[in-house]
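Just below is one structure, and these are the notes that go with it.
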Amino acid sequence: LLSEEEKELQIKDAFIIPIYLFSEKVGAFVVYSKNKLSLSEIEKEFFKLFAFSIFSALILDEVYKTAKNIEKVKSQYLSEGISNYLQILENRYIYGYKTQRILKILEQIKKVINKLDLNFEKLKEATIYMNIGLFMMPDKVVLNFEEDLSEEEKSLYEVHPILASIYLNLINHPDMEIKQAVLDHHENVDGTGFPSKKKDKEISPYAKVLRILDDFDSISYKESKDAAIKFLSENKGKYYDENILNEILPL
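Numbering (our numbering), first residue to last: 296 to 546.
Structure (structure tokens):
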């Protein structure tokens, strides 16, 4: 595995941390030694942190490039209406169609959103942005949702709310409630969600609505509306906010 130059250095041992970008190995952080390498746990953690900083820089670079591309497309097509924007922007992934379906559901429950004292327009915008982090994911992770994924791929999938949040910061989005809704939309009220395992009152109320609508749409699309209602009802107070679900389900 060593180059000719490295062999000339008479390297005897190495501590290697592979660096992945979206499940593809793009390099490694390597500590070489001419003697038997003996690193303390603190030293290992330091080098892991250093490697993670490299990974973070690569992620941010990809997010920044994606942000610029998305804004370019958005500016080009926004005058033609939100439907065109979503189709063109997200046509590569079925999440584009998923977003449109959730927006339609939102229109149907507009009165409930107002009753919950939430801003309807903010919720619509959070819906548009919540899955934008998936643009930086491999096709397998996006198209298979959370099914049939390796542990590494699941971990990668669970990063997408963070990537979406980073994107909103990169474009200097001014609304903190929208950014928080996007970041929290996979959190569960019992603390078993992702990315931060927040509980109940720690979770954005907008995100709690998105959590319900996201699963309702997924299960309805793959199975049936009855199956979706059954699943949501069975997990009331576990995944979903009980009060919000009680307002939405009758509709």
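By construction, the Cβ of each residue, glycine as well, lies at the ideal position given by its N, Cα and C atoms.
For residue 484, the CB contacts under 6 angstroms within the same chain, skipping 5 residues up- and downstream, are 495 and 536 in chain order.
With a beta-carbon spacing of about 6 angstroms, residue 546 and residue 403 fall inside the 8 angstroms limit used to define contacts. For residue 504, the uninterrupted alpha helix (DSSP H) run begins and ends at 500 to 517, by DSSP. Proximity of the stretch 449 to 464 to the stretch 399 to 419 falls short of the contact definition, fewer than three beta-carbon pairs being nearer than 8 angstroms.
The alpha-carbon separation between residue 510 and residue 523 amounts to approximately 7 angstroms. Following the DSSP letters along the chain, one finds residue 463 inside the alpha helix (DSSP H) bounded by residues 455 to 465. As computed with DSSP, residue 308 is found in a beta bridge with 328. The bridge partners DSSP lists for residue 535 are 531. Taken through DSSP and simplified to helix, strand or coil, residue 492 comes out as coil. Between residue 411 and residue 542, the beta carbon gap of about 6 angstroms places them in contact (Cβ cut-off 8 angstroms).
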